[in-house]
Amino acid sequence: MFIDTLRQALTLHGQRVYTANDFRQTLRIVLAGMIALGISCFYNTTYTVFYVIYPMMLLSLVPVFNRFVVKQFLCGAMLSCMMTMLFVGYLSQWPLIMTLAVFSLYVLFFRLMSQGTLFLLGSIGVVCQSALLNFMSYPTTDWHTLIFSIIEASVMALGLSAVMYTVLPDVEPRGRPPLIVKDPARVRHESLLAATVATLTFIVFQICDLSDSLAALMAGVLVLFPMHYRGAVLSSLWRVVGATLGGMYVLLAQLLLYSNDSHLLLMMPLVAIGLAFGVRLHVIEKVGAGVGFSCFTTIAIMFGQSLHPGNDLVFSDLWRIISVVGSILITLTLVFIVHLLLNHFAATRYIPSPPGQ
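Residue 52 in UniProt numbering sits at position 52 of the sequence shown, with consecutive numbering throughout.
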C-alpha cells in the first residue's frame, strides 16, 4: 500500500502535469522555506517551527497572492491568538466552559473552510489555535514570546510571499478553482464532525503530558481538513506516507551531518534537497494536503524544531513517525464514530457530491 500510494503520487498522467507555473511555485515555496529557516536559525528563535511552516503553508495551499489572501491569513492568525489567550487566561479554571468555548471557535473555523470562500482564514485559524492551546497549557510556556512569535512569523510569511511572487511570478494566469456547491446539511456535518474531533484531540492533549508531540497533534488536525470520513481516510494514508518519507530523509541527513548539524553551510543544502523533493511532489499531486505536503512539512518541522546542537534527532525522528501514525489511527476512529452519529439526523446527514465535485 505504501509503494502503491507513492507510485500514484509520482506518476504524471492526465491533468497531473508539471507546468512552468508549477516550477515557479516549487521555487517560491523552497526559497521561502530556506530563507525563513536561515533567519530563524541566525536569530536562534524559540519557536522556529512557526517561522518555517507559515510561509510554506501560505505558498503551497494558495497558489496566488493578493489583498484577499493577505486579509484572510492575518485575520485567521490574529483571531486565533486573541481568542486562545482569552480562553486560557480567563476560562482555564472552568474546564467545561473552556472546552465549550474551544469547540465553538473550532466550529466557526471549520464552517468557514466548508463554505470555501474563506478556506484560508479557517485553516490558518485551526492550525494556529491547535498549536497555541497545546503550548499554552504548560506552565513553563512564556505567553508573550509565543504570541509574538506567531505574529512575527505571520508577518514574515506574508513578506516572503510578496517577495517570491514579485521575483518569481507565474508564467501564465491561473484559472479559478471549481466551486463545490454544498447543501446546508453537508456544511453542518463537516463543521460539526471536524470541530468535535478537534475538540476531543484538545482534551486528550490537556489530560496527557504530550508537550513534545506537536507533530502528532498537527497530523491529527490536518487529517480533518477534508472534513468528511472518506476524505479523512485518504488524507490519513497520504499523511502517513509523506511523514514516513520526510522522516526517512531527515534521518539520512542526520547520519550524514553527524555532529556538524550546527553548521548552516552544511545543513542548508540537505534541507533544500529534501524540501525540493517534497514540494515538487506536492505541486504535481494538485490535491492540497497530500503526500508531498506531508513530506515537506515533516522535513521543515524536524529541521526547524529539532535540529540543534545536543538534540538527538534520531530519537526525535523515530518518535515523530510513531506518534504520527498513532495520532492518525485514533483520529480516524473518532471521525468514523462521529460520522455515524451525525448521519443519524437529517439536519447533519452527509450526502456525497456527484463525481467531479
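Where is the CB? At the ideal position from N, CA and C, for every residue including glycine.
Residue i - DSSP class collapsed to helix/strand/coil
| i | result |
| --- | --- |
| residue 179 | coil |
| residue 71 | helix |
| residue 92 | coil |
| residue 134 | helix |
| residue 21 | helix |
| residue 39 | helix |
| residue 277 | helix |
| residue 289 | coil |
| residue 346 | helix |
| residue 223 | helix |
| residue 121 | helix |
| residue 111 | helix |
| residue 172 | coil |
| residue 139 | coil |
| residue 296 | helix |
| residue 247 | helix |
| residue 165 | helix |
| residue 235 | helix |
| residue 81 | helix |
| residue 263 | coil |
| residue 65 | coil |
| residue 189 | helix |
| residue 351 | coil |
Residue i burial status per 10 Å Cβ neighbour count (16 or more: buried)
| i | result |
| --- | --- |
| residue 338 | buried |
| residue 183 | exposed |
| residue 190 | buried |
| residue 104 | exposed |
| residue 140 | exposed |
| residue 175 | exposed |
| residue 350 | buried |
| residue 156 | buried |
| residue 93 | exposed |
| residue 53 | buried |
| residue 22 | buried |
| residue 89 | exposed |
| residue 226 | buried |
| residue 19 | exposed |
| residue 256 | exposed |
| residue 67 | exposed |
| residue 345 | exposed |
Distance between beta carbons of residue j and residue i, contact taken as under 8 angstroms
| i | j | result |
| --- | --- | --- |
| residue 229 | residue 335 | 6 angstroms |
| residue 146 | residue 135 | 6 angstroms |
| residue 29 | residue 59 | 5 angstroms |
| residue 132 | residue 81 | 7 angstroms |
| residue 55 | residue 160 | 5 angstroms |
| residue 170 | residue 280 | With a Cβ gap of about 17 angstroms, residue 170 and residue 280 do not count as contacting. |
Short CB-CB distance (under 8 angstroms) between residue i and chain B
| i | result |
| --- | --- |
| residue 59 | Among the chains of the structure shown, chain B does not appear; only one protein chain is present. |
Inset, instruction - Decide if the region 196 to 210 is in contact with the region 266 to 286; the criterion is three or more beta carbon pairs, one per stretch, under 8 angstroms apart. - result: no
Inset, instruction - Answer yes if the region 188 to 202 comes into contact with the region 100 to 119, meaning at least three C-beta pairs across the two stretches below 8 angstroms, and no otherwise. - result: yes
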